[in-house]
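Enquirer:
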Amino acid sequence: MSSSELFTVFPVFLLVDVSASMSGGPIEAINKAMPDLQHEMRANPMVGEIARVGLITFSDEARVALPLCDLAEVQLPELVVEGGTNFAAAFRGARQAIEAGMTSLPKGTPVYRPVIFFMSDGEHQAREDWVDALKQLTDRSWKFAPEVVSFGFADAQRESMQKIATRFAFVCKDSDPVTQVREIMNALIGSIRTTSTSLADPAKSQGLYLDTPTEHFTPLPALTV
Amino acid sequence: MTLPTQKLVHGLHGAYSVAGDAISKGGVGRIYRTTDPKWVYKEYLSPDKAPPSDRLQRLVQVGREVLIQQGHPIGSTPESSINWPVDIVRAPDGRLSGCVLPAIPQKYFHPTLGGVNTLDFLIMRRSSPPPAQSRLVVLLRLAEILAFVHAKGLVHGDVNAKNVAWTLDPQPAAYLIDCDGMVPQDPPPTTGVAAPYWTDPRIVDKVVPAHDQYSDWYCLALAFYRGLLLIQGGSLGKQNGSWSAPGQIPNDLDPRVAALMRRGLTDPLDPSRRPEPSEWVRTLIEVYVPNNQYDTKAITSLDKAIAAPKPSPQFQPNPQFHQLPPTITPPRPTQPVRPQPPQQHNPPPQPYGFPPPGHQPPQQPYAPPPQLNHYPPPPQPYGPPPQVVHHPPPPQPTGSRGGGLARWAMAGGSRWWVPWALMTFGCWPVGLVIATLVLVQVLPMPSGFYGRTSAIVSSAITILVGSIFLLSALFS
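The following block contains the structure:
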C-alpha cells in the first residue's frame, strides 16, 4: 500500500464550555447536534474518511469526552454541565488532547494542521491567567499548533473571543442561547464538510471554510495576544 | 434564497409548479421539487452560473428524445441513465434562469441514510460496499454510459463519486447526474468545474484549462481503480514534483485489467494512452465474464482486500446494455432462461448538432421515434399533485329511503341481529311490536336497497315467533 495515496486527514477538536450556565437548553442543543455531526460522517463517506473529531469539555477542569477518532464509528458521550469557567484549563486540556490525538494516528498518515472550534457562553472566572495557556496552545513552534475558531454566545465577551481565535471569531447576536448553539453546530458541521473535501490546507488562507449565517453571528477580526 | 412555497415557472415545453424549499444546493444552483414527481427544477444561482443557452438547448433536445419521444424508462439503457435536462426556463429578461431535470428515481437513493446512493458507497471500504461482482457490473454500466456521452460528442466534465448514483435493485445500474453542464468535445472546453480527488492532473498542472473528454476517461480509470480494488485512499497526488502512479494494483490482477489502470492513471499529463470507456467494457467482459459466465475466482479475488460482503440480489439483464449474466455466485448453468451471450452494444448514435468528436464514434442514427409518446408524457400541462380521490358509494334507487327503524334493520350486522334475537326469544312482545313497525316501514321501499330483503325476512320471522308466543299466552 502506498501511503502517498492516503487522503490527508483533517483533525477537528471541539472545545466546549460545560459550565453551570450551559445547563438546560444549550447543553441539550449540543447533545442533539452531535448525532447530526455523526450522521454527516456516515452519509458523506469522503468527509468521514478525512475528518477526525475530538471532543473536549471544560468548566473548572478540562476533560476529553471523545479522543480524536473516526466519529462514524463511536458511541457518542452525553455532555453534562459541571462547575465554573476556566479558559486556562481548557487550553491546557486542548493541547494535551491534540498531542495525544495526533500521535495516535497511524504512522505515515498525511495530516492537516488541526482546527479547534471553541464555544463558550461566558467569561473566564478562575484566578489564574488564561493568556499563557492560550499562547502555549497556539505557539507555532509546536508542530501541532492548531488554528482556533471561537464562537461566543450569551454572556461571552467579544474581546476574549477575538483573542482566543487565530482565524475566525464570532459572537452571536440577540437570540436565545439554544438557537445560538444550534447555529454554531450547523456552521461547524458545514465547515467540517466543506473543508474536508476541498483539497485545501485549513491552515492556509481560504483553506478553512466557514459559512456562518449573518443573521445569527457577528464576525470579528482575530486579535494577536 | 428560498423560493416561495409554490411558484409556477414556464419552460419552453411546459409550465412547472415548483414546491417547497431547495432539496439540494450546489455551487451552481439549487434543486427544487415540482408538483409532478417526475421532474425537478434546477434554479441557477445567477445567470453567469448557467450554461450557455444554445448548449443547454441541445442537451434538452437529446433528453426529450430519449426520455419523452422514445420513452426509455430511466436506467433501462445507457442513454436513459443520464440525467438529461428536458426543459429550459428563462427569466423575464430572456436570460437562462433554470432547467428542468428528471427526478432521480428512488431506487438510486441510499436505503438507510436517505441521500443519493453515490459512488462513494461503492468504492470506499468504510461504506460497506457490495461484493466485487456487483461493483464490476455497476462500473461497467458507468463505462457504457460514458461511452454514450462521448459518442454524442459530449464531455461530462465533472465525473466524480458525487455525480454517479447506483443501485443493485432490481439490477446493478449506474446513473450519471449533474449533466446540464455537459459541453461539446470540440472546441475543447475552456471553463468548467472539478471535484477534489477527481481532478485531471492536466488541470492541476495547467496543461488544459478545463476538463475535456480525456479527463472523463481519467476519472473513469480512477473509478475502476478505486472501486474494483477497494484500495486505501486513492489520492494520486504529486510526490517530489512528479505524479504518483497507482501503487495498489495487486500482482495477481489480470494483466489486461492492470494495463488499463496503468494506462489510465500513470503519466497523467499524457492523455493519449488513457483507455476510452468502450475499451474498459470490452476488456472487463473478456476478463471477468468469458463465455457469458462470471469468472467467480477472478472476481472474488478482487474482494481479498476486505471481508467479502453478502452477495447481491439477482438481476435480469437488460437488452439495451451489454448482456451480462445475473450477479449471483456461482452462476447457475441450469437456469431455465439463460441470458443471451454478450454482444456489442448498438453503435452509438450521431451527435446532436455538435461538431464531430475527436474520437470518431461509430455513427448510426436513432431508430425513428415511436408515434405514441407513452413515457413519460410531455410535461405540459402540469396539473396539481395527485389527490386522494374518495369514490362515492354506488348509486341507490330513488324513492322512499324508509324510516329510522327500517334503515337500522337494513344496515344489518350485530347492531340489528343481536337485539333482534334477544327481543324475539327474551322479550317477545317488544320484538313483535318493533318487527311489525320495521316491516311496515320497509315494505313500501322500492326493491334494490341493500339489506331490504333480509330486513323483511327477519322481521317476518320475528312476527311469526312473537305471534306463536302471543297465541300460546292467550290460550294457556
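Respectively, the protein sequence lines represent chains Z and B. My numbering applies: residue 48 is where the first sequence begins, and numbers increase by one. My numbering applies: residue 4 is where the second sequence begins, and numbers increase by one. Note that beta-carbon positions come from the ideal geometry of N, C-alpha and C, so glycine has one too.
1) Got a sec, what are the start and stop residues for the beta strand (DSSP E) B:His-13 sits in?
2) Please name the residue in B:Leu-467, B:Ala-135, B:Thr-193, B:Leu-142 whose C-alpha comes closest to that of B:Val-158.
3) Could you tell me which whole beta strand (DSSP E) segments of length 3 or greater appear in the stretch 167 to 248 of chain B?
4) Would B:Gly-2 pass as an interface residue toward chain Z - the criterion being a Cβ-Cβ separation below 8 angstroms?
5) Report the residues of the stretch 199 to 214 of chain B with a CB closer than 9 angstroms to any CB of chain Z, ordered along the chain.
6) To the nearest angstrom, how far is the alpha carbon of B:Pro-81 from that of B:Lys-155?
7) For the structure I just gave you, are there three or more beta carbon pairs, one from the stretch 177 to 193 of chain B and one from the stretch 210 to 219 of chain B, closer than 8 angstroms?
8) Under DSSP, the alpha helix (DSSP H) around Z:Thr-242 begins and ends at which residues?
9) Mind listing, in chain order, the continuous alpha helix (DSSP H) runs of no fewer than 4 residues lying wholly within the stretch 144 to 201 of chain Z?
10) Would you decide whether B:Glu-279 is buried or exposed? Buried here means 16 or more other CB atoms lie within 10 Å of its CB.
11) Between the stretch 58 to 67 of chain B and the stretch 181 to 190 of chain B, do three or more beta carbon pairs fall short of 8 angstroms?
12) Compare the C-beta of Z:Arg-89 against all C-beta atoms of chain B and say whether one is closer than 8 angstroms.
13) What residue from Z:Glu-194, Z:Val-63, Z:Ala-234 has the CA that sits closest to Z:Gly-169's CA?
14) Would you call the CB atoms of Z:Ala-109 and Z:Gly-72 closer than 8 angstroms?
15) Taking the alpha carbon of B:Lys-28 as the point to measure from, which residue in B:Thr-37, B:Val-12, B:Lys-45 has its own alpha carbon closest?
16) Take the Cβ of B:Asp-255 as the centre, count every other Cβ of all protein chains shown within 10 Å, and call the residue buried at 16 or more, exposed below.
17) Counting pairs of beta carbons, one from the stretch 112 to 119 of chain Z and one from the stretch 86 to 94 of chain Z, are three or more of them closer than 8 angstroms?
18) Looking at chain B, is there any beta carbon in it that lies within less than 8 angstroms of the beta carbon of Z:Ile-51?
19) Going along the chain, which residues of the stretch 71 to 102 of chain Z sit with their C-beta nearer than 8 angstroms to a C-beta in chain B?
20) Is the shortest distance between the beta-carbon of B:Phe-124 and the beta-carbons of chain Z less than 8 angstroms?
21) Measure from the C-beta of Z:Thr-241 to each C-beta in chain B and report whether the shortest distance is under 8 angstroms.
22) Whole angstroms are fine: how far does the CA of B:Met-127 sit from the CA of Z:Thr-244?
23) Under a Cβ-count criterion, where at least 16 other Cβ atoms within 10 Å of its own Cβ denotes burial, should B:Arg-259 be classed as buried or exposed?
24) For the stretch 112 to 141 of chain B, which residues have a CB atom closer than 8 angstroms to at least one CB atom of chain Z, in sequence order?
25) What residue range is occupied by the uninterrupted alpha helix (DSSP H) comprising B:Trp-431?
26) Find the residues of chain Z that neighbour B:Leu-239, judging by a C-beta separation of less than 7 angstroms, and give them in chain order.
27) For Z:Ser-66, return the contacting residues in chain B, with the cut-off set at a CB-CB distance below 9 angstroms.
28) Out of curiosity, what's the CA-to-CA distance linking B:Thr-269 and B:Arg-98?
29) Determine, for B:Gln-9, whether the minimum Cβ-Cβ distance to residues of chain Z falls below 8 angstroms.
30) Have a look at the DSSP bridge pairing and note the partners of B:Asp-90.
31) Out of B:Pro-76, B:Asp-123, B:Arg-129, which has the shortest C-alpha to C-alpha gap to B:Ile-107?
32) Look at the alpha carbon of B:Thr-286 and the alpha carbon of B:Val-292, and state the distance between them as a whole number of angstroms.
33) Please report the distance separating the alpha-carbon of B:Ile-471 from that of B:Leu-440.
34) Spell out the partners DSSP gives B:Ile-459 in its beta bridges.
35) On the three-state DSSP scale, how would you describe B:Phe-472?
36) Mind checking if B:Gln-174 is an interface residue toward chain Z, Cβ cutoff 8 angstroms exclusive?
Expert: For this structure:
1) Here residue 13 of chain B corresponds to residue number 10 of the second sequence, with the count starting at 1. Here the beta strand (DSSP E) through B:His-13 covers 9 to 13.
2) The count along the second sequence starts at 1 and reaches residue 158 of chain B at position 155. Of B:Leu-467, B:Ala-135, B:Thr-193, B:Leu-142, the residue nearest in Cα terms is B:Thr-193.
3) 167 to 170, 176 to 179
4) The question about residue 2 of chain B has no answer here: the residues shown for chain B are numbered 4 through 479.
5) Pro-199, Tyr-200, Thr-202
6) Position 78 of the second sequence, counted from the start, is the residue given in the question as residue 81 of chain B. Position 152 of the second sequence, counted from the start, is the residue given in the question as residue 155 of chain B. Cα-Cα distance, rounded: 12 angstroms.
7) yes
8) Within the first sequence, the letter at position 195 stands for residue 242 of chain Z. Run containing Z:Thr-242: 224 to 243, per the alpha helix (DSSP H) assignment.
9) 178 to 185
10) Sequence index remark: in the second sequence, residue 279 of chain B carries index 276 (1-based). Looking at its Cβ environment, which holds 16 or more other Cβ atoms inside 10 Å, B:Glu-279 is buried.
11) yes
12) Numbered from 1 along the first sequence, position 42 holds the residue referred to as residue 89 of chain Z. Interface residue, yes.
13) Here residue 169 of chain Z is taken as the residue at index 122 of the first sequence, counted from 1. The shortest C-alpha separation from Z:Gly-169 is found at Z:Val-63.
14) Numbered from its first residue, the first sequence carries residue 109 of chain Z at position 62. Numbered from its first residue, the first sequence carries residue 72 of chain Z at position 25. The answer is no: Cβ separation not under 8 angstroms.
15) The residue you call residue 28 of chain B lines up with position 25 of the second sequence. The residue from B:Thr-37, B:Val-12, B:Lys-45 with its alpha-carbon nearest to that of B:Lys-28 is B:Lys-45.
16) The residue given as residue 255 of chain B occupies position 252 in the second sequence. Classification of B:Asp-255: exposed, given that the 10 Å Cβ count is below 16.
17) yes
18) Stepping through the first sequence from its first residue, residue 51 of chain Z is reached at position 4. Note that residue 51 of chain Z is Ser in the sequence shown, not Ile. Judged by the 8 angstroms Cβ criterion, Z:Ser-51 is in contact with chain B.
19) Flagged, chain order: His-86, Arg-89, Ala-90, Asn-91, Pro-92, Met-93, Gly-95, Glu-96.
20) Against the second sequence, residue 124 of chain B aligns to sequence position 121. Interface residue, yes.
21) Taking the first sequence and counting its residues from 1, one reaches residue 241 of chain Z at position 194. No, its Cβ sits nowhere closer than 8 angstroms to a Cβ of chain B.
22) As a first step, residue 244 of chain Z is located in the first sequence; it is residue number 197 there, counting from the start. As a first step, residue 127 of chain B is located in the second sequence; it is residue number 124 there, counting from the start. Cα-Cα distance, rounded: 15 angstroms.
23) Taking the first residue of the second sequence as position 1, residue 259 of chain B is located at position 256. Exposed is the call here.
24) For the stretch 112 to 141 of chain B, residues whose beta-carbon sits nearer than 8 angstroms to a beta-carbon of chain Z comprise His-113, Leu-116, Gly-117, Gly-118, Asp-123, Phe-124, Met-127, Arg-129, Ser-130.
25) Start at 1 with the first residue of the second sequence, and residue 431 of chain B comes out as number 428. First-last of the alpha helix (DSSP H) with B:Trp-431: 431 to 445.
26) Position 236 of the second sequence, counting from 1, holds the residue named residue 239 of chain B. Residues of chain Z passing the Cβ test: Glu-52.
27) In the first sequence, residue 66 of chain Z corresponds to position 19, counting from 1. Simply none; closest approach about 35 angstroms.
28) Here residue 269 of chain B refers to the residue found at position 266 when the second sequence is read from its first residue. Here residue 98 of chain B refers to the residue found at position 95 when the second sequence is read from its first residue. Taking the straight line from one Cα to the other gives about 43 angstroms.
29) For this step, residue 9 of chain B is matched to residue 6 along the second sequence. Chain Z contact via Cβ: absent.
30) The residue labelled residue 90 of chain B in the question sits at position 87 within the second sequence. In the DSSP output, where bridge partners are listed per residue, B:Asp-90 has B:Val-103.
31) Residue 107 of chain B sits at position 104 when you count from the first residue of the second sequence. Selected option, being the one with the closest Cα: B:Pro-76.
32) Along the second sequence, read from residue 1 onward, the residue named residue 286 of chain B stands at position 283. Along the second sequence, read from residue 1 onward, the residue named residue 292 of chain B stands at position 289. Each residue's Cα considered, the two are about 10 angstroms apart.
33) Reading the second sequence from its first residue, position 468 is the one you call residue 471 of chain B. Reading the second sequence from its first residue, position 437 is the one you call residue 440 of chain B. Cα to Cα, the separation comes out at about 18 angstroms.
34) Here the question's residue 459 of chain B lines up with position 456 in the second sequence. DSSP lists no partner for B:Ile-459.
35) Locating residue 472 of chain B in the second sequence gives position 469, counting from the first residue. Three-state result, B:Phe-472: helix.
36) Mapped onto the second sequence, residue 174 of chain B falls at position 171. No - not a single Cβ of chain Z is within 8 angstroms of the one on B:Gln-174.
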